[in-house]
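Below is one structure, written out as structure tokens; the observations come after it.
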Amino acid sequence: MNRFAALLDRLGYEPRRNAKLRLLTDYFRHTPDPDRGYALAAMTGALMFKEAKPGLIRGLVEERTDPELFRMSYHYVGDLAETVALIWPAPGHDAAAKVDGTPTIGHNNPPPHVPTLTEVIETLATTSKSDLPARVAGWMDALDETGRWALIKLITRELRVGVSARLAKTAVAQLGQIEPDEVELVWHGLEAPYEDLFAWVEGRGPKPESGNPAPFRPSMLSHPLEDEDFAKLEASEFLAEWKWDGIRLQAASGHGSDGRPVRRIYSRTGEDVSRAFPDLVDALDFEGAIDGELLVVREGRVQSFNVLQQRLNRKAVTPKLIAEFPAHLRVYDILFEGEEDLRSLPFAERRRRLEALVARLDDPRIDLSPMVPFTTWEDLAAARADPASVGAGPDADAIEGCMVKRANSPYLPGRPKGYWYKWKRDPYLVDAVMMYGQRGHGKRSSFYSDYTFGVWRDGPGGEELVPVGKAYHGFTDEELVKLDRFVRNHTVKRFGPVREVEYGKDKGLVLEVAFEGLQRSTRHKSGVAMRFPRINRIRWDKPAAEADRIETLEKILERGEKEVHPLKEDQAERPGKKRKEA
123 MNRFAALLDR LGYEPRRNAK LRLLTDYFRH TPDPDRGYAL AAMTGALMFK
173 EAKPGLIRGL VEERTDPELF RMSYHYVGDL AETVALIWPA PGHDAAAKVD
223 GTPTIGHNNP PPHVPTLTEV IETLATTSKS DLPARVAGWM DALDETGRWA
273 LIKLITRELR VGVSARLAKT AVAQLGQIEP DEVELVWHGL EAPYEDLFAW
323 VEGRGPKPES GNPAPFRPSM LSHPLEDEDF AKLEASEFLA EWKWDGIRLQ
373 AASGHGSDGR PVRRIYSRTG EDVSRAFPDL VDALDFEGAI DGELLVVREG
423 RVQSFNVLQQ RLNRKAVTPK LIAEFPAHLR VYDILFEGEE DLRSLPFAER
473 RRRLEALVAR LDDPRIDLSP MVPFTTWEDL AAARADPASV GAGPDADAIE
523 GCMVKRANSP YLPGRPKGYW YKWKRDPYLV DAVMMYGQRG HGKRSSFYSD
573 YTFGVWRDGP GGEELVPVGK AYHGFTDEEL VKLDRFVRNH TVKRFGPVRE
623 VEYGKDKGLV LEVAFEGLQR STRHKSGVAM RFPRINRIRW DKPAAEADRI
673 ETLEKILERG EKEVHPLKED QAERPGKKRK EA
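Using my numbering, read the sequence shown as starting at 123 and increasing by one per residue.
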């Protein structure tokens with residue numbers, strides 16, 4: 123455990139990608155199995171502990187320390203692992219402490235046993251809820267501050283040391299001088315501690331093969347299309363299709379060793395979600411793997427994302443639910459056809475193969491994502507602004523932009539540069555007033571970086587502000603410093619890590635908030651909830667009295683299925699035009 127803790131500690135202080143890669147590779151090269159495999163699982167998000175939760179850590183530390191002191195420290199530090207690691211009073215913190223004449227654990231009397239990473243992970247996975255607190259407390263006593271910090275990071279699954287799953291897999295690949303994509307291609311289907319994977323990359327064993335007749339293949343992802351990209355890209359080299367407001371899925375089908383069909387549906391990260399969509403599984407009458415978007419289609423029309431949410435995260439899928447919210451797969455790529463791997467083919471060729479497959483299926487639950495014809499970037503910009511005008515018809519409301527794909531692009535795992543781009547439509551914008559600021563976490567723990575904002579409405583005593591959302595990104599580091607200073611200088615009330623700031627008709631800070639959509643919510647006082655809100659601009663120049671009213675959001679909700687995203691007058695529909703003003 124100490125070696126893993128030291129690795130996390132060094133990674134957290136190392137800003138350079140290549141230096142992080144060297145640290146990871148060195149760790150994997152010199153750490154034995156199964157510790158290194160469990161470390162890889164931790165850094166790729168592959169670990170899940172049913173009973174070990176952040177609440178367990180909070181309960182333990184409040185038993186050992188003054189609960190109020192812990193809460194105050196946590197609010198100030200902003201990171202649970204760091205706070206508990208430092209405040210935990212391990213046995214023997216008083217050097218003179220003795221039990222039956224024997225000195226307790228201390229600097230000159232180390233614990234008889236420090237747990238290994240393997241011991242910790244296997245115990246977390248198998249220990250009952252009632253026995254787990256004592257085991258975790260024992261580890262906390264045995265470890266030093268860095269070890270406790272790493273242990274809590276592991277339990278809460280929030281390492282936050284600047285290492286992506288892709289970087290960790292790249293480090294593994296470097297053990298055998300193979301391409302990282304090769305690791306990606308065999309990754310799904312493997313289980314921690316990945317001893318077969320390490321044996322393969324080190325030349326000690328065969329390449330891992332999945333026995334799954336309908337396996338998941340790593341998804342290809344896109345990059346945002348920015349204004350400055352257009353000058354570097356030739357429109358004639360790309361094809362475009364609509365970007366649907368749904369959930370990315372991969373559908374795979376094959377035959378087991380007994381000859382029976384095996385049909386599975388996976389999320390974009392490889393989680394098997396077949397049980398949630400039995401109506402869609404029935405439609406997979408083919409052999410191969412296809413990539414597409416989960417939607418809900420009623421009477422031939424794609425429904426909004428709010429409607430689609432009725433099918434998500436359901437423990438039970440009833441016939442009534444299926445009838446009211448029928449699942450639909452709108453496909454845009456094919457990875458395998460039978461046993462033939464098509465991923466190395468150009469996108470244009472894969473598209474032709476996909477069209478033929480969908481035609482043979484002839485199932486209303488699976489259809490093609492239409493291509494968007496264009497000759498110039500200006501043509502595509504016009505289509506993006508008004509999908510209905512170029513054939514999207516009643517489905518225009520469910521379109522959130524365009525996917526732009528190089529015609530000769532292979533299907534590669536991860537997010538390769540230069541092949542696929544997403545060009546989302548401009549978001550909704552409203553002017554709201556900051557009402558509360560909250561301390562951030564991690565590197566932002568000393569800043570008030572999470573902001574709750576509201577709009578005006580008519581209340582019993584006249585006009586009042588009502589919260590409509592909370593955002594914690596969209597601003598630069600320089601703007602964060604100014605926003606933090608505003609919160610500190612205009613605080614009127616304090617609630618732990620939260621501060622209420624001055625606001626009213628003649629005082630307050632206006633924030634231009636961008637968001638992707640709205641839905642009604644009984645959990646919010648305003649009755650609405652925003653999708654993906656972020657700070658688009660800080661309106662230091664605008665009086666709070668001129669912020670938007672709740673009626674503005676109500677109109678967006680009412681238009682829902684009838685109107686595409688509205689644009690502000692100063693927003694242009696051609697590429698190369700900056701949406702933000704100086």
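The beta-carbon is built from N, C-alpha and C at its ideal position, and this holds for glycine as well.
What residue does the beta strand (DSSP E) around residue i start on, and which one ends it?
i: GLY591; result: 584-593
i: THR613; result: 613-617
i: LEU633; result: 632-637
i: VAL236; result: Careful: VAL236 lies outside any beta strand (DSSP E) and carries neither H nor E.
i: ARG661; result: 656-661
i: THR205; result: Note, THR205: premise wrong, no beta strand (DSSP E); alpha helix (DSSP H) at 202-209.
i: ARG621; result: 620-623
i: ASP572; result: 570-581
i: PHE360; result: 360-366
i: ASP253; result: Looking at the DSSP string, ASP253 is not in any beta strand (DSSP E), and its letter there is neither H nor E.
i: GLY559; result: 550-561
i: LYS546; result: 542-546
The alpha helix (DSSP H) with residue i in it runs from where to where?
i: THR147; result: 139-152
i: TYR196; result: 189-199
i: TYR135; result: 124-135
i: ASP705; result: Since the displayed the chain opens at 123 and closes at 704, residue 705 lies outside it and no answer follows.
i: ALA651; result: From DSSP, ALA651 is part of no alpha helix (DSSP H) but of the beta strand (DSSP E) over 650-653.
i: GLU185; result: 176-186
Output yes or no for whether 8 angstroms exceeds the beta carbon distance between residue i and residue j.
i: GLY460; j: GLY410; result: yes
i: LEU130; j: LEU281; result: yes
i: TRP542; j: CYS524; result: no
i: SER643; j: PRO589; result: no
i: LEU361; j: PHE469; result: yes
i: MET652; j: LEU633; result: no
i: TYR558; j: ASP606; result: no
i: GLY114; j: PRO315; result: The structure shown has nothing for residue 114, since the chain only spans 123 to 704.
i: TRP499; j: ALA357; result: yes
i: LEU467; j: PHE408; result: no
i: ALA669; j: TRP578; result: yes
i: LEU133; j: VAL283; result: yes
i: GLU638; j: PRO549; result: yes
i: PHE320; j: ASP485; result: no
If I measure Cβ to Cβ from residue i and keep anything under 7 angstroms in the same chain, skipping five residues before and after, which residues do I get?
i: ASP489; result: ARG452, VAL480
i: ARG465; result: LEU457, PRO532, TYR533
i: LYS565; result: none
i: ALA593; result: TYR573, VAL635, PRO655, ARG656, ILE657
i: SER567; result: VAL199, GLY200, ASP201, ARG561
i: HIS563; result: GLY200, ASP201
i: GLU267; result: ALA207, LEU208
Please confirm whether residue i has its beta-carbon closer than 8 angstroms to some beta-carbon of chain C.
i: LEU162; result: The structure shown contains no chain C, having only a single protein chain.
Apart from the five residues on each side of it in sequence, which residues of its chain come closer than 8 angstroms, Cβ to Cβ, to residue i?
i: VAL236; result: MET123, ASN124, ALA264, LEU265, GLY269
i: ARG436; result: ALA398, LEU443
i: ALA704; result: Below a pLDDT of 50, predicted positions are generally treated as unreliable, and ALA704, at 32, falls in that range; the measurement from the model is reported next regardless. So no residue of the chain qualifies.
i: VAL221; result: Low local confidence applies: a pLDDT of 45 at VAL221 is under 50, so the model's placement there is unreliable, and no value is given.
i: VAL103; result: The chain is shown only over 123 to 704; residue 103 falls outside these bounds and no answer can be derived.
i: PHE575; result: ALA554, VAL555, MET556, MET557, PRO589, VAL590, GLY591, LYS592, ALA593, LEU633, VAL635
i: VAL323; result: VAL294, ALA295, LEU297, GLY298, ILE300, VAL305
i: GLU136; result: LYS142, LEU145, GLY284
i: SER286; result: none
Who are the Cβ neighbours of residue i in its own chain at under 6 angstroms, not counting the five residues just before and after it?
i: ALA174; result: LEU246, ILE277
i: LEU476; result: ILE456
i: VAL419; result: HIS450
i: TYR505; result: Reading off the sequence, residue 505 comes out as Ala, not Tyr. So the qualifying residues of the chain are VAL494, VAL512.
i: PRO211; result: ARG186
i: ASP413; result: GLN372, ASP455
i: LEU679; result: LEU640
i: ALA127; result: THR268, GLY269, ALA272
Inset, instruction - Could you name each continuous alpha helix (DSSP H) segment of 4 residues or more that falls completely within the region 376-461, going from the start of the chain to the end? - result: 400-403, 427-430, 441-446
Inset, instruction - Check whether the region 360-371 touches the region 518-533, taking contact to mean three or more Cβ pairs, one atom from each stretch, closer than 8 angstroms. - result: yes
Legend entry - the region 383-393 / the region 325-339 touching (three or more Cβ pairs under 8 angstroms): yes
Inset, instruction - List in chain order: all unbroken alpha helix (DSSP H) runs of 4+ residues lying wholly within the region 476-532. - result: 499-507
Inset, instruction - Starting from the N-terminal side, write out each stretch of the beta strand (DSSP E) that is 3 residues or longer and does not extend beyond the region 262-349. - result: none
Inset, instruction - Decide yes or no for the touch test of the region 645-664 against the region 612-623: beta carbon pairs closer than 8 angstroms, at least 3 of them. - result: no
Inset, instruction - Assess, as a yes-or-no matter, whether the region 417-429 is touched by the region 292-308 under the definition of 3 or more beta carbon pairs within less than 8 angstroms. - result: no
Inset, instruction - Pair every Cβ in the region 608-619 with every Cβ in the region 665-675, then say whether three or more of these pairs are closer than 8 angstroms. - result: no
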